[in-house]
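Since the structure comes first, as structure tokens, the remarks are kept for the end.
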Amino acid sequence: MSEHKVVIIGAGMGGLSSAITLAHQGVNVTVVESASAPGGKVHSREVAGVAIDSGPTVFTMRWVFDALLRSVGTSVEAEMRITPLQVLARHFWPDGSQLDLSANANESEAAIAAWSGGDEARRFRDFCKTTRQLYATLEGPMIRAQRPSMGGFMGDLGFKGLGVLAQLGPMRSLWDQLGQQFSDPRLRQLFARYATYCGSSPWQSPATLMLIAQVEMDGVWSVEGGMVAMAHALERVGSRRGAVFRYHSTCQRIEHRQGRVYGVHLQSGEFLPADRVIFNGDTGALRSGLLGEGVRRAVTSSAPPRSLSALTWSMYSPTQGVALDRHNVFFHSSYASEFEDIFERQRLPERPTVYVCAQDQPSAVMPGQAERIFCLVNAPACGDGDGITEEALEQCQNHTFQHLRQLGLNLEPTTANSIRTSPQDFHRRFPASGGALYGQATHGWTSIFSRPGSTTPLSGLYLAGGSVHPGPGVPMAALSGQRAAEAVMASLASTSTFPMGATFGGMSTP
Ligand SMILES: Cc1cc2nc3c(=O)[nH]c(=O)nc-3n(C[C@H](O)[C@H](O)[C@H](O)COP(=O)(O)OP(=O)(O)OC[C@H]3O[C@@H](n4cnc5c(N)ncnc54)[C@H](O)[C@@H]3O)c2cc1C
Numbered sequence: 000m001s002e003h004k005v006v007i008i009g010a011g012m013g014g015l016s017s018a019i020t021l022a023h024q025g026v027n028v029t030v031v032e033s034a035s036a037p038g039g040k041v042h043s044r045e046v047a048g049v050a051i052d053s054g055p056t057v058f059t060m061r062w063v064f065d066a067l068l069r070s071v072g073t074s075v076e077a078e079m080r081i082t083p084l085q086v087l088a089r090h091f092w093p094d095g096s097q098l099d100l101s102a103n104a105n106e107s108e109a110a111i112a113a114w115s116g117g118d119e120a121r122r123f124r125d126f127c128k129t130t131r132q133l134y135a136t137l138e139g140p141m142i143r144a145q146r147p148s149m150g151g152f153m154g155d156l157g158f159k160g161l162g163v164l165a166q167l168g169p170m171r172s173l174w175d176q177l178g179q180q181f182s183d184p185r186l187r188q189l190f191a192r193y194a195t196y197c198g199s200s201p202w203q204s205p206a207t208l209m210l211i212a213q214v215e216m217d218g219v220w221s222v223e224g225g226m227v228a229m230a231h232a233l234e235r236v237g238s239r240r241g242a243v244f245r246y247h248s249t250c251q252r253i254e255h256r257q258g259r260v261y262g263v264h265l266q267s268g269e270f271l272p273a274d275r276v277i278f279n280g281d282t283g284a285l286r287s288g289l290l291g292e293g294v295r296r297a298v299t300s301s302a303p304p305r306s307l308s309a310l311t312w313s314m315y316s317p318t319q320g321v322a323l324d325r326h327n328v329f330f331h332s333s334y335a336s337e338f339e340d341i342f343e344r345q346r347l348p349e350r351p352t353v354y355v356c357a358q359d360q361p362s363a364v365m366p367g368q369a370e371r372i373f374c375l376v377n378a379p380a381c382g383d384g385d386g387i388t389e390e391a392l393e394q395c396q397n398h399t400f401q402h403l404r405q406l407g408l409n410l411e412p413t414t415a416n417s418i419r420t421s422p423q424d425f426h427r428r429f430p431a432s433g434g435a436l437y438g439q440a441t442h443g444w445t446s447i448f449s450r451p452g453s454t455t456p457l458s459g460l461y462l463a464g465g466s467v468h469p470g471p472g473v474p475m476a477a478l479s480g481q482r483a484a485e486a487v488m489a490s491l492a493s494t495s496t497f498p499m500g501a502t503f504g505g506m507s508t509p
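According to numbering that gives the first Met the number 0, the stretch in the sequence shown is residues 0 to 509, in order.
Pasting the structure below:
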């Protein structure tokens, strides 16, 4: 093991991925985490003695974890049990209509033809072609790359890539673009919702976010034991490679002198020396001085617009009325008002779209029997203010479950069968975020260039996580962790004391 010490602050997806990669290279890695378990936003809540997955539930871009685990000599199959879903999501509208989007595009096309007519099915086929091209164009220069500059990005796209973007109208919003792709307003709404996967409004997001549709069509998996099982699996791999995980350990200050990081102070008073530190929390915590005045300059001083927060219910309750699939979306007819409420009025939506995750196999649940349910509505990230009152939370809860009832699903949260989590709760758990769950909002076509990258102006301090390039979501945060590990390895390799055999990306010694 090298004498270089790396402290990683946070065991979220970014921090876990950095830890695995660095520990595998023989680096001395300690992960300090405030919470009692790995995962960060990937977490569960216990209701009536039953664990309900209460963070991310949609697992996509499996290739990220295939590559990560393969690079350290193991595999996704060896570390966790995952199952591909046939139905990506079941969608309900107030007019009583319902559509399953399938992992098989041909099946979706046939379903759309039966539901909305042959012309719309052809539009869907064209849409799939566009999103496929878009994803292929952007995966290298945007998703896999270290933070791109505008010039570098254009260069990497080349003539062909620029042509693909030009066809879309790069300045167009996702909502406007989808209006050109579809005639049926329900399909426009369905695909516009993908902007919320980045915590953003379809009205302000660039049309390029259409690529998220392709990410889903490439596959959605469920993880046995929930997404938390995945966080635990990654922690196990990191521990096997030598990383040390310390829970209930909050970093209070990142120490530096003469422009260089030299360690961290924990809330307990303990000092951990480190010549490299990776910060996996929200970058807003650095900006606001929570980790010390001197590290503020590691990120730009102007705060970017915050992404969405959420109001969620982790429930163990019977459901009744409609047959749920694993992922279910209950739309309102007026979609714009939800985002006006959240982003313009900074209040909980009066007419929220409701996401319902039914976490048990339907065959395993007898009628009338309680099942594991997670409900989520989008919310403004103002959990650090006093704008969201208890009364507003109650009102939003009433609107949410009334909406579900109107669309046929009978489900009622009580203190015995559910735990509610508000933007304030998320803010407390993820300091300086206001409850924003996806870093900064992806608003405007230049927003991809404004996220920080893995390196900072403070020597020895690196960043990983959803508020860092390439952005939010479980796989993207994991990619950012790998980018941070690469940057650390590159800097260690440039010092004479690091064993040169340990080049980044080498194969494993399980
Ligand atoms: C309700 C919800 C639903 C979501 N749905 C999806 C989905 O379906 N699919 C998807 O891909 N993504 C989804 N996301 C987003 C996804 O979970 C996140 O983008 C991703 O997990 C963030 O990972 P991260 O690396 O940024 O770390 P985080 O999860 O933000 O974890 C950071 C960790 O750092 C710790 N930390 C911070 N400061 C300190 C400190 N000073 N000292 C010690 N520890 C500290 C925190 O305690 C935390 O554990 C969802 C998120 C939520 C909350």
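All residues carry an ideal CB built from backbone N, CA and C; glycine is no exception.
Note that the coordinates shown come from a computational prediction; the quantities given were computed from them, not determined experimentally.
Item to check | residue 516 to residue 450 span [Cα, whole Å] | outcome: Only positions 0 to 509 of the chain appear in this structure, which leaves residue 516 out of reach.
Q.
Between 28, 469, 369 and 111, which has its C-alpha nearest residue 416's C-alpha?
A. Working through the sequence shown from its first residue, we reach residue 416 at position 417. Among 28, 469, 369 and 111, the Cα nearest to that of residue 416 is on 369.
Exercise. For residue 14, which residues from the same chain have a beta carbon less than 8 angstroms from its beta carbon, with the 5 sequence-adjacent residues on both sides left out?
Worked result: Residue mapping note: residue 14 aligns to position 15 of the sequence shown, counting from 1. Taking residue 14 as the centre and dropping the five residues before and after it, the same chain places the C-beta of 7, 8, 30, 32, 39, 277, 279, 463, 464 and 480 closer than 8 angstroms to its C-beta, in chain order.
**Prompt:** Using a Cβ-Cβ cut-off of 7 angstroms (strictly less than) and excluding sequence neighbours within five positions of residue 509, which residues of its own chain qualify?
**Reply:** For the purposes of this step, residue 509 is taken as the residue at position 510 of the sequence shown. Because residue 509 sits at a pLDDT of 30, beneath the cut-off of 50, its placement in the model cannot be relied upon, and the point is left open.
For this session: Look up residue 128 in the DSSP assignment and give the residues it is bridged to.
Result: Taking the sequence shown and counting its residues from 1, the one referred to as residue 128 is at position 129. DSSP output for residue 128 lists no bridge partner at all.
Exercise for review: Look at the alpha carbon of residue 198 and the alpha carbon of residue 188, and state the distance between them as a whole number of angstroms.
Suggested key: Here the question's residue 198 lines up with position 199 in the sequence shown. Here the question's residue 188 lines up with position 189 in the sequence shown. Here the alpha carbons of residue 188 and residue 198 stand approximately 16 angstroms from one another.
Note to self: Could you tell me the alpha carbon to alpha carbon distance between residue 340 and residue 215, rounded to whole angstroms?
What the structure shows: Within the sequence shown, residue 340 is the residue found at index 341, counting from 1. Within the sequence shown, residue 215 is the residue found at index 216, counting from 1. Note on geometry: alpha-carbon atoms of residue 340 and residue 215 lie some 27 angstroms from one another.
When the distance is taken between beta carbons, is residue 306 closer than 8 angstroms to residue 436? The residue labelled residue 436 in the question sits at position 437 within the sequence shown. The residue labelled residue 306 in the question sits at position 307 within the sequence shown. Contact annotation: residue 436 and residue 306 have beta-carbon atoms nearer than 8 angstroms.
Return yes when at least one heavy atom of ligand 1 lies under 7 angstroms from the C-beta of residue 260, else no. As a position in the sequence shown, residue 260 is number 261, starting the count at 1. Between ligand 1 and residue 260, a heavy atom-to-CB distance of less than 7 angstroms is absent.
* Asked: Within this structure, are the beta carbons of residue 318 and residue 372 separated by less than 8 angstroms?
  -> Locating residue 318 in the sequence shown gives position 319, where the first residue counts as 1. Locating residue 372 in the sequence shown gives position 373, where the first residue counts as 1. Their beta carbons are under 8 angstroms apart, which means residue 318 touches residue 372 by this criterion.
Next item on the list: Please list, in chain order, all residues of the same chain as residue 83 whose beta carbon is under 7 angstroms from its beta carbon, the five residues on each side excluded.
Entry: Reading the sequence shown from its first residue, position 84 is the one you call residue 83. Hits under 7 angstroms: 102, 218 and 220.
Measuring from the CB of residue 381, is there a heavy atom of ligand 1 at a distance below 7 angstroms?
In the sequence shown, counting from the first residue as 1, residue 381 sits at position 382. No; taking the cut-off as 7 angstroms, the Cβ of residue 381 has no heavy atom of ligand 1 nearer than that.
Minimum C-alpha distance to residue 330 - residue among 22, 78, 70 and 95: To locate residue 330, count along the sequence shown from 1; it is residue 331. 95 is the residue among 22, 78, 70 and 95 whose C-alpha sits nearest the C-alpha of residue 330.
Beta-bridge partners of residue 97, as assigned by DSSP | For the purposes of this step, residue 97 is taken as residue 98 along the sequence shown, with counting starting at 1. According to DSSP, residue pairing for residue 97 in a beta bridge involves 91.
Subject >> CB of residue 516 within 8 angstroms of CB of residue 478, strictly >> reply: What is shown of the chain runs 0 to 509, which leaves residue 516 out entirely.
- Heavy atom of ligand 1 less than 7 angstroms from the Cβ of residue 56, yes or no? Taking the sequence shown and counting its residues from 1, one reaches residue 56 at position 57. Under cutoff, so the answer is yes.
Helix, strand or coil for residue 134? Go by DSSP, reduced to three states.
Along the sequence shown, one-based indexing puts residue 134 at 135. Looking at residue 134 - three-state DSSP - the assignment turns out to be helix.
* **Extent of the continuous beta strand (DSSP E) run through residue 262** => In the sequence shown, residue 262 corresponds to position 263, counting from 1. Here the beta strand (DSSP E) through residue 262 covers 259-265.
**Prompt:** What are the start and end residues of the beta strand (DSSP E) that includes residue 312?
**Reply:** Position 313 of the sequence shown, counting from 1, holds the residue named residue 312. Under the DSSP assignment, residue 312 falls in the beta strand (DSSP E) whose first and last residues are 308-316.
Legend entry - Test item: CB-CB of residue 403 and residue 410 under 8 angstroms: Here residue 403 refers to the residue found at position 404 of the sequence shown. Here residue 410 refers to the residue found at position 411 of the sequence shown. Contact flag set, yes.
Do you know how far the Cα of residue 426 is from the Cα of residue 227? Sequence index remark: in the sequence shown, residue 227 carries index 228 (1-based). Sequence index remark: in the sequence shown, residue 426 carries index 427 (1-based). Approximately 20 angstroms between the Cα atoms of the pair.
Q. What residues in its chain sit with their C-beta under 6 angstroms from that of residue 64, if we drop five residues either side in the sequence?
A. Taking the first residue of the sequence shown as position 1, residue 64 is located at position 65. Cβ neighbours of residue 64 beyond the five flanking positions: 75.
Check whether the region 103-111 and the region 252-270 touch, using three or more Cβ-Cβ pairs below 8 angstroms as the test.
In short, these stretches do not touch, since the Cβ pair count stays below three.
Using a Cβ cut-off of 8 angstroms (strictly closer), state whether residue 253 contacts chain C.
In the displayed structure, chain C is absent; only one protein chain is listed.
Q) CB-CB under 7 angstroms to residue 232, same chain, minus the five flanking residues each way: which ones, in chain order? A) In the sequence shown, counting from the first residue as 1, residue 232 sits at position 233. These residues qualify, in order along the chain: 78 and 79.
Sequence-distant residues of the same chain with beta carbon closer than 6 angstroms to residue 494, five excluded per side: For the purposes of this step, residue 494 is identified with residue 495 of the sequence shown, where counting begins at 1. Within its own chain, no residue has a Cβ closer than 6 angstroms to the Cβ of residue 494 once the five positions on either side in sequence are excluded.
> Taking the continuous alpha helix (DSSP H) assigned at residue 390, which residues delimit it?
Replying inline: Within the sequence shown, numbered from 1, the residue matching residue 390 stands at position 391. In the DSSP assignment, residue 390 falls within the unbroken alpha helix (DSSP H) covering 389-405.
Self-check item: Assigned secondary structure, residue 359 (DSSP; H/G/I helix, E/B strand, else coil)
Solution: Along the sequence shown, one-based indexing puts residue 359 at 360. Secondary structure at residue 359: coil, using DSSP grouped into helix, strand and coil.
Discussion item. What does the alpha-carbon distance come out to for the pair residue 412 and residue 419?
Written reply: Taking the sequence shown and counting its residues from 1, one reaches residue 412 at position 413. Taking the sequence shown and counting its residues from 1, one reaches residue 419 at position 420. Per the coordinates, the alpha-carbon of residue 412 lies some 9 angstroms from the alpha-carbon of residue 419.
Would you call the region 359-366 and the region 287-299 in contact, with 3 or more CB pairs under 8 angstroms? Judged by Cβ distances under 8 angstroms, the region 359-366 makes no contact with the region 287-299, as fewer than three pairs qualify.
Taking its Cβ as the centre, do 16 or more other Cβ atoms sit within 10 Å of residue 272, making it buried, or is it exposed? Your numbering for residue 272 matches position 273 in the sequence shown. Exposed, by the Cβ-count rule.
Q: Starting from residue 164, trace the beta strand (DSSP E) both ways and give me its first and last residue.
A: Taking the first residue of the sequence shown as 1, we reach residue 164 at position 165. Element bounds for residue 164: not the beta strand (DSSP E) but the alpha helix (DSSP H), 149-167.
*asked:* Between 483, 458, 488 and 24, which has its C-alpha nearest residue 240's C-alpha?
replied: As a position in the sequence shown, residue 240 is number 241, starting the count at 1. Ranking 483, 458, 488 and 24 by Cα distance to residue 240 puts 24 first.
* Ordered along the chain, which non-local residues of its own chain (more than five positions away) have a Cβ less than 7 angstroms from that of residue 130? -> Position 131 of the sequence shown, counted from the first residue, corresponds to residue 130. Once the five neighbours on either side are set aside, the close Cβ partners of residue 130 are 209, 210, 212 and 213.
**OP:** For residue 288, count neighbouring C-beta atoms within 10 Å of its own C-beta (all shown protein chains included) and say buried if the count is 16 or more, exposed if not.
**Re:** By one-based count along the sequence shown, residue 288 stands at place 289. It counts as exposed.
Beta-carbon proximity check, residue 476 vs residue 326, cutoff 8 angstroms:
Walking along the sequence shown from the start, residue 476 turns up at place 477. Walking along the sequence shown from the start, residue 326 turns up at place 327. At the C-beta level, residue 476 and residue 326 stay beyond 8 angstroms of one another.
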